[in-house]
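Note sheet for the following structure.
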Amino acid sequence: MQSEKGFSLVEMMITLVISAIIIGAAFGSYTIISRNFEWQKDMKYISQSARNVIEMIQKDIRNAGFRFESSAAITDPIKIYDAGDAKDRIEIIYDETETPYKRVKIEYRLQQYSNDNSRFRLFKKKTNMTSNTVEYDSPIVDYVESLQFLASRGECKSGDEV
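Residue numbers for the sequence shown follow this note's numbering, beginning at 24 and rising by one.
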C-alpha cells in the first residue's frame, strides 16, 4: 500500500477556485462599501454647505432694515428679483454695528459657471453704500441648481410653503 502525502492536482485546483471566489467577493464588497462611504461623505458635505449658506442668508435677512438712530430710514430693506426661471436674486440693506458704522447692501445671486448652462454658483456681494464701494463679490457655494425666494408679510399659516 502506497501512502499519500500532499494534495492532488484536482484538490489544489478546487482550493484555488474557491479561494479566488472568496477573495473576489470580498474585494467586490469592499469596493461597493468604499463607494457608498464616499457618496455618503459627499452628501454630508453638501448638506452642511447648504445649511451654512441658509444660516448666512437668514442672518442677513434678520438684519434687514436695521439702522442707527442717526441714520436715514431704509425704505426697501429687502428686494427680491424674480427671474422666473428659479434663478432669483435678493438684495438686503442694513447698517453694520462695527466701527466705523456703515450702511451695506448684501446681494445673493446665481451666476452661470459652465458654457452649457448646467452649472451655477451662488455669489454673495457686499457693497458699502456709505462709500459706494464693493467690498467683495465672491462665490460661496458651487453646483446650485435653483435659487428661489418667496416673500411673506407674516401671513403664512401652518402648512403653507415658506
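Just so you know, even glycine gets a beta-carbon here, dropped at the ideal spot from N, CA and C.
Going by CA-CA distance only, name the one from the options that's closest to residue i.
i           : options           : result
residue 113 : 125, 119, 135, 87 : 87
residue 162 : 139, 101, 39, 132 : 132
residue 70  : 174, 147, 33, 166 : 166
residue 120 : 157, 93, 50       : 93
residue 152 : 78, 126, 55, 136  : 126
residue 124 : 141, 105, 89, 57  : 89
residue 160 : 62, 66, 148, 78   : 148
residue 101 : 129, 155, 141, 34 : 129
When burial is assigned at 16 or more other CB atoms within 10 Å of the CB, is residue i buried or exposed?
i           : result
residue 181 : For residue 181, the pLDDT reaches just 46, beneath the cut-off of 50, and the residue's location in the model is therefore unreliable, although a value from the coordinates is still provided. Exposed, by the Cβ-count rule.
residue 116 : buried
residue 83  : buried
residue 143 : buried
residue 54  : exposed
residue 242 : This structure gives no information on residue 242, because the portion of the chain shown stretches from 24 to 185.
Going by DSSP, what residues sit across from residue i in a beta bridge?
i           : result
residue 120 : In DSSP, residue 120 forms no bridge with anything.
residue 157 : 150
residue 130 : 114, 148
residue 83  : DSSP output for residue 83 lists no bridge partner at all.
residue 164 : 145
residue 125 : 119
What did DSSP end up calling residue i once you bin it into helix, strand or coil?
i           : result
residue 90  : coil
residue 105 : coil
residue 28  : coil
residue 71  : helix
residue 135 : strand
residue 39  : helix
Measure the beta-carbon distance from residue i to residue j and round it to whole angstroms, keeping in mind my assumption that it falls under 8 Å.
i           : j           : result
residue 118 : residue 91  : 5 Å
residue 103 : residue 174 : 6 Å
residue 111 : residue 171 : 5 Å
residue 72  : residue 109 : Not confirmed; about 19 Å, so no contact.
residue 157 : residue 76  : Actually they do not touch by this definition, with Cβ atoms about 20 Å apart.
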